[in-house]
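Below is one structure, written out as structure tokens; comments come after it.
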Amino acid sequence: MEWHELLADVEAQAESWAERDRQLVVADQTRLERRFIAASQHFAGSLHALISCTMRGGERREGHVEAVGANWILLTDPHSHNESIVALEQVLTVKGLTQRARTISASPIVASLDLMWVLQRISRERSHVRCDVLGGVGISGVIDEVGADYVVVSGDGQQLVMGTSIVSITRL
Numbered sequence: 004m005e006w007h008e009l010l011a012d013v014e015a016q017a018e019s020w021a022e023r024d025r026q027l028v029v030a031d032q033t034r035l036e037r038r039f040i041a042a043s044q045h046f047a048g049s050l051h052a053l054i055s056c057t058m059r060g061g062e063r064r065e066g067h068v069e070a071v072g073a074n075w076i077l078l079t080d081p082h083s084h085n086e087s088i089v090a091l092e093q094v095l096t097v098k099g100l101t102q103r104a105r106t107i108s109a110s111p112i113v114a115s116l117d118l119m120w121v122l123q124r125i126s127r128e129r130s131h132v133r134c135d136v137l138g139g140v141g142i143s144g145v146i147d148e149v150g151a152d153y154v155v156v157s158g159d160g161q162q163l164v165m166g167t168s169i170v171s172i173t174r175l
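Just so it is clear: in the sequence shown, position 77 is 80 by the numbering used here, and no numbers are missing.
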């Protein structure tokens, strides 16, 4: 083997090793960056996508992602077109999300608006809703009061509902 061939072979091997190292570094950086992506950012990257969620109680929620907040999503049912606010803490698995992730909003204030803030706005409207809670219970009525960690729904009497038990709120 000529020396120039030997040197060309060594150079090709070195370039191959360097490329493999670059690929490993990129893969490691990608894995590290993913650690800082919240599930809500995947929902935000999937606006208008049709998704199916399995909830803590085993029930399913299906709909198009219309809006995303800090700990909630707004889904529109593809058949009835009913709108539901779904609490992300009650979601176990999701099908249909795209691989894109994006920030919820350019405004940190908007991005931090949580479920209780949304329920306060719904309460102001005096909308008739169905509040689905853990255990498969559905409570229909109007949200009269929103506290730090609870809502009061008036329908068939008044019921205090703990915020952590809310699965979804659907406009009726």
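A virtual CB, placed ideally from N, CA and C, is assigned to each residue, including glycine. Remember, predicted model here, so these are calculated numbers, not experimental data.
Please report the residue range of the beta strand (DSSP E) in which residue i lies.
i, result
"Leu27", "Segment Trp6 to Arg37 is the alpha helix (DSSP H) holding Leu27; no beta strand (DSSP E) there."
"Ser143", "Val140 to Val149"
"Arg133", "His131 to Val136"
"Leu163", "Gly160 to Met165"
Inspect the beta-carbon positions of residue i and residue j and report whether they are closer than 8 Å.
i, j, result
"Val154", "Gly138", "no"
"Ile142", "Val121", "no"
"Ile76", "Ile125", "no"
"Ala41", "Val170", "no"
"Thr106", "Gln44", "yes"
"Gln180", "Met58", "Nothing in the structure corresponds to residue 180, since the chain is present only between 4 and 175."
"Val113", "Arg129", "no"
Can you give me the C-alpha to C-alpha distance between residue i and residue j, rounded to a whole angstrom?
i, j, result
"Leu163", "Gly99", "34 Å"
"Ser55", "Glu8", "59 Å"
"Val140", "Pro81", "23 Å"
"Asp159", "Leu116", "30 Å"
"Leu35", "Gln16", "29 Å"
Starting from residue i, follow the alpha helix (DSSP H) in both directions and report where the run begins and ends.
i, result
"Ser171", "It is not in any alpha helix (DSSP H) - Ser171 instead sits in the beta strand (DSSP E) that spans Ile169 to Arg174."
"Leu116", "Taken as a continuous stretch (DSSP letters only), Leu116 belongs to no alpha helix (DSSP H), as it is neither H nor E."
(Q) Ignoring anything shorter than 4 residues, give me the alpha helix (DSSP H) runs that lie fully in the segment 25–113, in order along the chain. (A) 42–47
Q: Check whether the segment 37–52 touches the segment 64–84, counting contact only when three or more Cβ pairs, one atom from each stretch, lie closer than 8 Å.
A: yes
Q: Tell me, please, whether the segment 68–84 touches the segment 142–157 by the rule of three or more beta-carbon pairs shorter than 8 Å.
A: no
Q.
Taking 8 Å as the cut-off, does the segment 12–29 touch the segment 129–137 (at least 3 CB pairs, one atom from each stretch)?
A. Here the segment 129–137 does not lie against the segment 12–29, with fewer than 3 beta-carbon pairs under 8 Å apart.
Q. Can you find at least 3 beta carbon pairs, one from the segment 24–36 and one from the segment 88–107, that sit closer than 8 Å?
A. no
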